[in-house]
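Q: Have a look at this one.
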Amino acid sequence: MLMQRAIDGFFRLLEFLVVVCMVAMVVMVFGNVVLRYGFNSGISVSDEMSRYCFIWLTYIGAMVAMRDGAHLGVDTLIKHLPLMGKKVCFFLSQSLMLFCNVLFFMGTYEMHELQVTNISPVVGISMIWVYGIGYVVSVVMALFNIDKLWRLFRGRVPDQELIQIMESEEQVLDAAAHGKVAQ
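Numbering (the UniProt record's numbering), first residue to last: 1 to 183.
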């Protein structure tokens, strides 16, 4: 219970950071456009910082989407497989994602020293503040993969979770309008 509340709080913080990054990007880019076209000047920091916000927005959004099961996928084959086939595919997909997360963590670690000494040209911060998000993303997503694999081995993955596709909003709304519940 306490752990779930901590996880929920962490993801509320991530969702807030996504909003902050998006608002910061819009304000910086729009402000710079207005300054350049209206006043023939600009803020050089805004180009670089909006790019960094976009990088963080992408990675943080990937973590939130992982938790919500909102990543894109194709279920054409999976939904026609028997239960054991769905479990095998679930195992393979989670294992491959875990492997990719390990590679991502190792790549971030390998580049750590270079990024610490690499200073951004305009803002003047160490690039590890930009690309160090790879540590957080790889660990958080790997924990989700490990949790799903653990639940699979214990037989606690519901059948509808074996098909890892989130229905589009139109399908969900259409099903709700017709009295059906989309899983």
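Note that beta-carbon positions come from the ideal geometry of N, C-alpha and C, so glycine has one too. Quick caveat, the model's predicted, so the values are computed rather than measured.
Check the DSSP bridge columns for I119 and list the partner residues they point to.
A: DSSP lists S126 as partners of I119.
Q: Quick one, are the C-beta atoms of I60 and L14 less than 9 Å apart?
A: It is a contact, given that the beta carbons lie within the stated cut-off.
Q: Under three-state DSSP, which class holds T76?
A: coil
Q: Just reading off the alpha helix (DSSP H) that I133 is part of, what are its end residues?
A: For I133, the enclosing alpha helix (DSSP H) begins and ends at 133-153.
Q: Since M66 and M3 should fall inside the 8 Å C-beta cutoff, what is the C-beta to C-beta distance between them, to a whole number of angstroms?
A: About 18 Å separates the beta carbon of M66 from that of M3, a gap too long to meet the 8 Å contact definition.
Q: Is N101 helix, strand or coil when you go by DSSP?
A: helix
Q: If you follow the alpha helix (DSSP H) that V29 is in, where does it begin and where does it stop?
A: Annotation: the continuous alpha helix (DSSP H) that includes V29 extends over 2-39.
Q: Short of 7 Å in beta carbon distance, which residues of its chain neighbour V130, apart from the five on each side in sequence? Order them along the chain.
A: Y52, I55
Q: Can you give the Cα-Cα distance for I119 and Y109, rounded to whole angstroms?
A: Computed Cα separation, rounded: 17 Å.
Q: Residue 199 and S46: beta carbons closer than 9 Å?
A: This structure cannot speak to residue 199, because the chain is shown only from 1 to 183.
Q: Would you report the Cα separation of S95 and E48, rounded to the nearest angstrom?
A: 36 Å
Q: Give the DSSP-derived three-state secondary structure of I163 in the structure shown.
A: coil
Q: Given a cut-off of 9 Å, decide if S126 and V116 are closer than it, judged by their beta-carbon atoms.
A: yes
Q: Around the Cβ of I146, are there at least 16 other Cβ atoms within 10 angstroms (buried) or fewer (exposed)?
A: exposed
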